[in-house]
Structure formats: structure tokens, C-alpha cells
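Asker:
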Amino acid sequence: MANVIKLSKVSFAYERSYILDGIDLTVAAGEFLAIVGPNGGGKTTLLKLLLGLLEPTHGEIRIFNLPPRKARRFIGYVPQQGTVDRDFPVSALEVVLMGRLAPNSFSPRYQRADYQAAAAAMQAVGVGELADVRFSDLSGGQKQRTLIARALVGKPQLLILDEPTASVDPQVEQDIYELLAQLNKDVTIVLVSHDLGYVTTHLRKVAYLNRNLVVYPPGGNVSGNIPHWYTVNNGFGRGV
236 MANVIKLSKV SFAYERSYIL DGIDLTVAAG EFLAIVGPNG GGKTTLLKLL
286 LGLLEPTHGE IRIFNLPPRK ARRFIGYVPQ QGTVDRDFPV SALEVVLMGR
336 LAPNSFSPRY QRADYQAAAA AMQAVGVGEL ADVRFSDLSG GQKQRTLIAR
386 ALVGKPQLLI LDEPTASVDP QVEQDIYELL AQLNKDVTIV LVSHDLGYVT
436 THLRKVAYLN RNLVVYPPGG NVSGNIPHWY TVNNGFGRGV
């Protein structure tokens with residue numbers, strides 16, 4: 236399989252303090268990778284590097300064999316729900332349509348194809364009937380599905396998600412992961428999560444990040460080793 240993501244000896248420092256150190260990572264087309272780790276371990280920083288929002292201090296990052304900034308058109312991104320203004324007066328459909336906006340565009344002029352793509356994306360994630368509902372009136376799970384639809388509406392080849400099941404109940408969490416498993420048939424997925432329980436028992440490839448990265452491949456003892464890493468490192472604190 237072709238590589239979608241390749242990091243070679245990537246390090247990142249804030250004012251000489253290293254947040255990430257010597258990261259090597261390869262994600263092949265069609266894989267589903269979950270990255271877990273404590274707050275302050277570098278998960279958010281790694282996402283920003285993958286999205287081209289930060290440049291590594293050392294090392295090289297390639298997304299579809301391109302620098303991240305040049306690969307953005309291939310990437311769909313789902314931020315944490317807490318970063319989204321839940322009370323902004325827009326419908327679920329309007330939120331999804333935002334994924335069709337060109338970069339730096341502030342005057343949306345949607346075409347019929349945009350509306351068709353948005354409707355298809357909403358149908359694919361199970362919120363097609365909620366198009367006209369105000370986003371702020373949706374449940375937590377419905378909001379998350381709507382944000383996933385927004386990321387999918389541009390037909391990305393790589394889907395990156397930041398804590399997609401934060402602040403939802405266990406049943407919604409399971410539903411979201413089942414949805415992502417279905418989407419993974421057509422798109423490569425990378426997500427970061429604090430949820431050890433589900434990702435270590437249901438996903439085939441999991442990485443633990445706490446400044447350094449340890450990848451547990453298919454067949455590895457993920458559920459046994461990662462909780463041990465949490466206990467030993469006990470690194471809960473400020474997210475970076």
C-alpha cells in the first residue's frame with residue numbers, strides 16, 4: 236500500500252523545550268490509526284504538524300508525498316467539539332456546507348453541486364433528516380456526526396479527528412466508532428483520543444504519544460501495554 240503519512244525523525248520544540256522528540260510514523264492508505272496519550276504529551280502539537288499549521292523543528296513530514304501545507308486539499312479535519320461555537324445561529328446543513336468553502340473565502344456562493352455534496356455527506360453519517368435543524372439544537376452525537384459530514388463533504392482521502400468522542404455518553408461513543416469503521420472503507424483515518432477502553436480493544440493500530448511515539452501494530456499487545464505506559468508516565472496536565 237502507498238503511504239499516506241510519513242514522519243521521519245520529527246521533533247518540535249517551544250522555546251528550546253521539546254514537545255515531540257524523534258517521531259517516526261508511517262500510515263498506509265486505508266489504515267485506521269488511533270493516537271492516545273496524556274495531556275501535555277504532544278497530541279495536539281502532532282495534529283497541527285500534520286495539518287501544516289506548525290513546522291517541525293527537526294525532521295521531515297510528508298502527506299501524500301507532499302509537505303503538509305500543500306496536501307491540505309486531500310485532508311478532512313474534525314476539531315474537538317469544544318472549539319466550535321455551538322450557539323452560532325446556523326443550520327446543520329449550513330455547517331456542512333462550510334466544508335465546501337475555498338480557503339480564505341468569507342463570502343459563500345454555493346452551487347447546486349455543493350448542496351448535493353452536503354446532502355450526500357449528511358446522509359452518509361446518518362443525519363440527512365436534520366439538515367434544517369439549528370446546529371445548537373442537536374444532541375452531542377448529532378453535532379459530532381455533522382462535523383464529520385463537514386470534513387467529508389470535500390471528499391478527502393485522509394480524515395483527521397481530534398477527540399471525536401469527548402463529552403458523549405458510552406452508547407454515542409460506540410456509535411461514532413462504528414460510523415468511523417464504515418467510513419474507513421473509503422478513507423484513511425487518524426484520530427487522537429484519551430479513550431483507552433475502546434481504541435485499545437477495537438482498533439488494530441494504536442500509538443502511544445508522550446513526547447516519544449510507540450506504535451502498536453496489528454497483533455501487538457495494545458490493551459496490555461498502553462495502560463502500563465499511562466501508569467508509569469502519569470503525565471496528565473496541560474494539553475499541547
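Residue numbers for the sequence shown follow the working numbering, so the first one is 236 and each next one is one higher. Beta carbons are placed, not taken as given, at the ideal position from N, Cα and C, and that holds for glycine. Everything numeric in this text was worked out from a predicted model, so none of it was measured.
Give every residue of the same chain whose Cβ lies closer than 6 Å to the Cβ of A416, excluding the five residues on either side of it in the sequence, and list them in chain order.
Answerer: Looking up residue 416 in the sequence shown gives position 181. Closer than 6 Å at the Cβ level, and outside the excluded window around A416, lies no residue.
Asker: Take the Cβ of F299 as the centre, count every other Cβ of all protein chains shown within 10 Å, and call the residue buried at 16 or more, exposed below.
Answerer: By 1-based counting over the sequence shown, the position of residue 299 is 64. With 16 or more other Cβ atoms within 10 Å, it is buried.
Asker: Would you mind reading off the limits of the beta strand (DSSP E) that contains D397?
Answerer: As a working note, residue 397 is residue 162 in the sequence shown. Annotation for D397: the continuous beta strand (DSSP E) segment containing it runs 393-397.
Asker: Any contact of the segment 392-410 with the segment 321-328, i.e. 3+ C-beta pairs under 8 Å?
Answerer: no
Asker: Excluding sequence positions up to five away, which residues of its chain have a Cβ less than 8 Å from the Cβ of L414?
Answerer: Along the sequence shown, one-based indexing puts residue 414 at 179. Cβ neighbours of L414 beyond the five flanking positions: V360, G361, R380, I383.
Asker: For F247, name the three-state secondary structure that DSSP assigns.
Answerer: In the sequence shown, the residue the question calls residue 247 occupies position 12. Three-state DSSP puts F247 in a strand.
Asker: From what residue to what residue does the beta strand (DSSP E) around I368 run?
Answerer: Taking the sequence shown and counting its residues from 1, one reaches residue 368 at position 133. According to the sequence provided, residue 368 is Val. The question's Ile does not apply to it. Unbroken run through V368: none, as it is neither H nor E.
Asker: Mind checking Y412: buried by the 16 CB within 10 Å criterion, or exposed?
Answerer: As a first step, residue 412 must be located in the sequence shown, where it is residue number 177. Within a 10 Å sphere around the beta-carbon of Y412 sit 16 or more other beta-carbons, which makes this residue buried.
Asker: Does the segment 392-401 come into contact with the segment 419-431, if we say contact requires no fewer than three beta-carbon pairs (one atom in each stretch) closer than 8 Å?
Answerer: yes
Asker: If I'm right that A353 touches V331 with Cβ under 8 Å, what's the distance once you round it to whole angstroms?
Answerer: On the sequence shown, position 118 is the one that residue 353 refers to. On the sequence shown, position 96 is the one that residue 331 refers to. Indeed, because the Cβ distance is near 4 Å, the residues count as touching under 8 Å.
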